[in-house]
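Chemist: Residue numbers (my numbering), protein chains in the order written: chain A, 1187 to 1469; chain B, 5 to 383.
Cβ coordinates follow ideal geometry from the N, Cα and C atoms, glycine included.
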Amino acid sequence: MNRRPVFLMSVLAFGFAFFYVPILSMIVFSFNNARLATVWGGFSTKWYAKLFANDQVLDAAWLSVRIALTSATVATILGTMAGIALARFRRFRGRTFFSGLVTAPLIMPEVITGISTLIFFILISNLLEAAFGWKTQRGFTTITLAHITFSLTFVTAIIQSRLRDADIAVEEAAMDLGSRPWQVMKDITLPIISPAILSGWLLAFTISLDDVVITSFTTGPGSTTLPILIWSKVKLGVTPDINALATITVCVVGLGVIIAGILLNRAERRRDLDAQMAYRANE
Amino acid sequence: MQAAAQAETVRASAVDPAPFIRIDGVSKYFGTFRAVENVSLEIRKGEIFALLGGSGCGKTTLLRMLAGFEEPTKGRIFIDGQDMTGVPAYDRPVNMMFQSYALFPHMSVEKNVGYGLKHERMTDARRKERVREMLELVQLSQFAHRKPHQISGGQRQRVALARALARQPKLLLLDEPLAALDKKLREHTQFELMDIQHKTGTTFIVVTHDQEEAMILSDRMAVMDKGEVKQVGSPTEVYEYPTNRFVAGFIGSINFAEASVVSVAGDLAQVEVPAFGGRMSARAVPGLAAGQALTLAVRPEKLTISRGRPDLPNAVQGVVSDVGYFGKDSLYKVRLPSGAVLTAHSANARRAAEAERVATWEDDVWLSFDPSAAILLTA
Chain A
1187 MNRRPVFLMS VLAFGFAFFY VPILSMIVFS FNNARLATVW GGFSTKWYAK
1237 LFANDQVLDA AWLSVRIALT SATVATILGT MAGIALARFR RFRGRTFFSG
1287 LVTAPLIMPE VITGISTLIF FILISNLLEA AFGWKTQRGF TTITLAHITF
1337 SLTFVTAIIQ SRLRDADIAV EEAAMDLGSR PWQVMKDITL PIISPAILSG
1387 WLLAFTISLD DVVITSFTTG PGSTTLPILI WSKVKLGVTP DINALATITV
1437 CVVGLGVIIA GILLNRAERR RDLDAQMAYR ANE
Chain B
5 MQAAAQAETV RASAVDPAPF IRIDGVSKYF GTFRAVENVS LEIRKGEIFA
55 LLGGSGCGKT TLLRMLAGFE EPTKGRIFID GQDMTGVPAY DRPVNMMFQS
105 YALFPHMSVE KNVGYGLKHE RMTDARRKER VREMLELVQL SQFAHRKPHQ
155 ISGGQRQRVA LARALARQPK LLLLDEPLAA LDKKLREHTQ FELMDIQHKT
205 GTTFIVVTHD QEEAMILSDR MAVMDKGEVK QVGSPTEVYE YPTNRFVAGF
255 IGSINFAEAS VVSVAGDLAQ VEVPAFGGRM SARAVPGLAA GQALTLAVRP
305 EKLTISRGRP DLPNAVQGVV SDVGYFGKDS LYKVRLPSGA VLTAHSANAR
355 RAAEAERVAT WEDDVWLSFD PSAAILLTA
């Protein structure tokens, strides 16, 4: 009887350890005073100081944030539209095809997406130069476009599943009460799915922020995002300042996820609690 | 002045015999599925009309066509003389109370009720006044600022009603209005609904699968099956004078027996009923011919159970095979020599111990019924 919990608990502990010990050790070694990344030499925050004095790192971080903000916002707008179309218009010409196209990037190997996007950008750039003599370079715009393309898929999936759970009668009720379709969208549908929109945005933001593969295909000279910078630095050996940089990234992403979780959870919990109270009061 | 206005309201709330809503040969097909098949109905101003039927009988589809959420494949719908073909839901003088209530979860009770009014041309003060009136009508004034999830199921149902009535629609559609409430609350709410209908004089169309609900609520009802209307009439007409086997069997419980016409004299018909082992007399229906096969039906409460042979033309003897005691009445299952089993309901009007009741298991009893209680069904 007693063996099972012990076995289960140790599996759980091992699993958690596998996930989180690397991250923990990275965080610990980011405060290492020694030059070597894997030998402890006392506590220090000097790598953080060094990081904030490094323009290359700061520029890369700023570029990453700009790309993530832009692509998450555009992907959320487009993804919400696609999700609503798929969830609410059950029959239209090419629905299955559209649904397939929207979700394909989810299962497409990233390298393939990266290469095809790169070829596409080269083609467009050649066309632009031939037609208007407009010389273009890959960089912020191309990376952002590529990020929109794949994060759009996640937003669509989130919105679609949220709407599938929602009672369509609520939207019909608004129309019944005299609202035209666009008013129903504004007054009812969007407010109801706003938590899903927010979590879709956050997901798109994080996906964009840590993407390496697709970014490395679509980036150009002078446009180095943070993950690309880390990747190229690590190729020359893991240094403690990389640990510091990664630690900051983990904190920022973690904080974002926790805040979003708390916001969503609190609204949900309050609802449940209120519903219980109302039920009890009327028993 | 006030008295005149009041008299006006009273007159408006009385049922006007001219058709106010006309459903004219309406069919609705979803692919090859015939949800509604050639339905024609006329509904009068100020009446509560019930659409009664089992699930999938087309009653909800008909309701959604009235609301404007579905367009008929064939036929037309007129509301107050106006053809509704091509008129979208948001332009119809119709409001609906949804089965799930469909309250806006992110708006307070007050905002829910006032939502439909924002499309009406009226001053803010008038709008507020109307919301206040509506909340008073459904006795929810003190919950105006609560959100839908902060009130009980019964209160939500009343918010949905107030919201649907706020725009003073010509027609209110109610989709299973009481289905989500528990039994005790339902009975109370039924009468409340009727009261509110009386106060506002709005024409109500109620969709329900619950025959009791339809009987209590409605002035008239249409019984539907497989997309077709089987009978239209007042609750009494539909219960006491069903015109076909489906309606007779769907509403209340009933005993059926195959029969054939022997003779017709005046308003009485003699029919041979093999299951009852002889001839019975029954109130004739138009168009009977000798030799015609039909169904004889008798409601259980119209069968009288007795120990001795009663002096009535319609009497059959049998053995009590089962007794169900419900308190106010008892149910007897009586097996006839033919093997047929009849169900009889008998009110326990006298206070009596078990042994003193009219019959018990394995007793030989007589069942009798008046010719007027026998229903002849040719369809």
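#1: Identify whether V324(B) lies in helix, strand or coil by the three-state DSSP scheme.
#2: In three-state DSSP terms, what is A351(B)?
#3: Any heavy atom of the ligand FMN inside 7 Å of the beta-carbon of S1257(A)?
#4: Could you spell out where the beta strand (DSSP E) holding Y336(B) opens and where it closes?
#5: Measure the Cβ-Cβ separation of V338(B) and V369(B) and say whether it is below 8 Å.
#6: What separation, rounded to the nearest whole angstrom, lies between the Cα atoms of N1218(A) and D1458(A)?
#7: Roughly how many angstroms separate the alpha carbons of H1333(A) and T1435(A), rounded to a whole number?
#8: Is D333(B) closer than 8 Å to S350(B) when the C-beta atoms are compared?
#9: Compare the C-beta of S1347(A) with all C-beta atoms of chain B and state if any pair is closer than 8 Å.
#10: May I have the straight-line CA-CA distance separating V30(B) from M1361(A), to the nearest angstrom?
#11: Go ahead and pull the three-state DSSP assignment for A297(B).
#12: Starting from F1470(A), trace the alpha helix (DSSP H) in both directions and tell me its first and last residue.
#13: Whose Cβ in chain A lies nearer than 9 Å to the Cβ of Y33(B)?
#14: Along chain A, in chain order, which residues have C-beta atoms closer than 7 Å to that of G120(B)?
#15: Under 8 Å, do G281(B) and G50(B) count as touching if we go by C-beta distance?
#16: Output yes if chain B places a C-beta closer than 8 Å to the C-beta of E1454(A); else output no.
#17: Between the alpha carbons of Q321(B) and L176(B), how many angstroms are there, rounded?
#18: Verify the CB distance criterion: does M100(B) have a CB-CB separation below 8 Å to chain A?
#19: Give a yes or no on whether 8 Å exceeds the smallest Cβ distance from A1359(A) to chain B.
#20: Please work out which residues of its chain come closer than 8 Å, Cβ to Cβ, to M69(B), disregarding the five sequence neighbours upstream and downstream, and give them in chain order.
#21: Determine the burial state of E217(B): buried for a count of at least 16 other Cβ atoms within 10 Å of its Cβ, exposed for fewer.
#22: Kindly say whether S112(B), judged by its beta-carbon, lies nearer than 8 Å to any beta-carbon of chain A.
#23: Jot down the residue ranges of each uninterrupted alpha helix (DSSP H) in the segment 1368 to 1442 of chain A, minimum 4 residues, whole runs only, in chain order.
#24: Counting pairs of beta carbons, one from the segment 1437 to 1451 of chain A and one from the segment 1366 to 1373 of chain A, are three or more of them closer than 8 Å?
#25: DSSP on T89(B), reduced to helix/strand/coil?
#26: Counting only beta-carbon atoms, is P1377(A) nearer than 8 Å to chain B?
#27: What are the residues that DSSP puts in a beta bridge with E262(B)?
#28: Determine the burial state of A71(B): buried for a count of at least 16 other Cβ atoms within 10 Å of its Cβ, exposed for fewer.
#29: What residues in its chain sit with their C-beta under 7 Å from that of A7(B), if we drop five residues either side in the sequence?
#30: Which residue from Q1462(A), L1249(A), V1420(A) and T1401(A) puts its Cα closest to that of V1297(A)?
#31: Could you give the residue range of the alpha helix (DSSP H) that holds V163(B)?
#32: Around the C-beta of S1409(A), are 16 or more other C-beta atoms found within 10 angstroms, so that it is buried, or is it exposed?
#33: Quick one: Cα of G62(B) to Cα of H213(B), how far?
Modeler: Straight from the coordinates:
#1: As a first step, residue 324(B) must be located in the second sequence, where it is residue number 320. V324(B): strand per DSSP, three-state reduction.
#2: Reading the second sequence from its first residue, position 347 is the one you call residue 351(B). Residue state, collapsed to three classes: strand.
#3: Among the ligands in the structure shown, none appear at all, so the ligand FMN cannot be discussed.
#4: To locate residue 336(B), count along the second sequence from 1; it is residue 332. Per DSSP, Y336(B) belongs to the beta strand (DSSP E) from D333 to R339.
#5: Residue 338(B) sits at position 334 when you count from the first residue of the second sequence. Residue 369(B) sits at position 365 when you count from the first residue of the second sequence. The answer is yes: Cβ separation under 8 Å.
#6: Position 32 of the first sequence holds residue 1218(A). Position 272 of the first sequence holds residue 1458(A). Between the alpha carbons of N1218(A) and D1458(A) lies a distance of about 47 Å.
#7: Counting from one through the first sequence, the residue named residue 1333(A) turns up at place 147. Counting from one through the first sequence, the residue named residue 1435(A) turns up at place 249. Taking the straight line from one Cα to the other gives about 19 Å.
#8: Numbered from 1 along the second sequence, position 346 holds the residue referred to as residue 350(B). Numbered from 1 along the second sequence, position 329 holds the residue referred to as residue 333(B). Result yes, Cβ atoms of S350(B) and D333(B) sit closer than 8 Å.
#9: Along the first sequence, read from residue 1 onward, the residue named residue 1347(A) stands at position 161. S1347(A) does not count as touching chain B.
#10: Taking the first residue of the second sequence as position 1, residue 30(B) is located at position 26. Taking the first residue of the first sequence as position 1, residue 1361(A) is located at position 175. Distance between the alpha carbons of V30(B) and M1361(A): 23 Å.
#11: Counted from its first residue, the second sequence places residue 297(B) at position 293. The answer is strand: DSSP assigns A297(B) an E or B state.
#12: Since the first and last residues shown for chain A are 1187 and 1469, residue 1470(A) lies out of range.
#13: On the second sequence, residue 33(B) is found 29 positions in, with the first residue counted as 1. At a C-beta separation below 9 Å, Y33(B) has no neighbours in chain A, since its nearest C-beta there lies roughly 15 Å away.
#14: Residue 120(B) sits at position 116 when you count from the first residue of the second sequence. Those within 7 Å of G120(B) in chain A are L1363 and G1364.
#15: As a first step, residue 281(B) is located in the second sequence; it is residue number 277 there, counting from the start. As a first step, residue 50(B) is located in the second sequence; it is residue number 46 there, counting from the start. Taking C-beta atoms as the reference points, G281(B) and G50(B) fail to come closer than 8 Å.
#16: Locating residue 1454(A) in the first sequence gives position 268, counting from the first residue. False, the Cβ-Cβ gap to chain B never drops below 8 Å.
#17: Along the second sequence, one-based indexing puts residue 321(B) at 317. Along the second sequence, one-based indexing puts residue 176(B) at 172. Going from the Cα of Q321(B) to the Cα of L176(B) covers about 51 Å.
#18: As a first step, residue 100(B) must be located in the second sequence, where it is residue number 96. M100(B) counts as touching chain A.
#19: Taking the first sequence and counting its residues from 1, one reaches residue 1359(A) at position 173. Yes, its Cβ sits closer than 8 Å to a Cβ of chain B.
#20: Numbered from its first residue, the second sequence carries residue 69(B) at position 65. Answer for M69(B): V30, K32, V40, E75, P76 and I81, listed in chain order.
#21: For this step, residue 217(B) is matched to residue 213 along the second sequence. It counts as buried.
#22: As a position in the second sequence, residue 112(B) is number 108, starting the count at 1. Proximity of S112(B) to chain A, defined by a Cβ-Cβ separation below 8 Å, is not satisfied.
#23: 1376 to 1395, 1399 to 1404 and 1412 to 1420
#24: no
#25: Numbered from its first residue, the second sequence carries residue 89(B) at position 85. Coil.
#26: Walking along the first sequence from the start, residue 1377(A) turns up at place 191. For P1377(A), the answer is yes, since a Cβ of chain B falls inside 8 Å of its Cβ.
#27: Along the second sequence, one-based indexing puts residue 262(B) at 258. E262(B) is bridged to T299(B).
#28: Along the second sequence, read from residue 1 onward, the residue named residue 71(B) stands at position 67. Buried.
#29: By one-based count along the second sequence, residue 7(B) stands at place 3. Note that A7(B) scores 45 on pLDDT, short of 50, meaning its location in the model is unreliable; the coordinates nonetheless yield the value given after this. Correct list: empty, nothing qualifies.
#30: Translated into the one-based positions of the first sequence, residue 1297(A) becomes position 111. The shortest C-alpha separation from V1297(A) is found at T1401(A).
#31: Within the second sequence, residue 163(B) is the residue found at index 159, counting from 1. Where V163(B) is concerned, the enclosing alpha helix (DSSP H) stretches over G157 to L169.
#32: Start at 1 with the first residue of the first sequence, and residue 1409(A) comes out as number 223. Buried: at least 16 other Cβ atoms inside 10 Å.
#33: Numbered from 1 along the second sequence, position 58 holds the residue referred to as residue 62(B). Numbered from 1 along the second sequence, position 209 holds the residue referred to as residue 213(B). C-alpha of G62(B) to C-alpha of H213(B): approximately 11 Å in a straight line.
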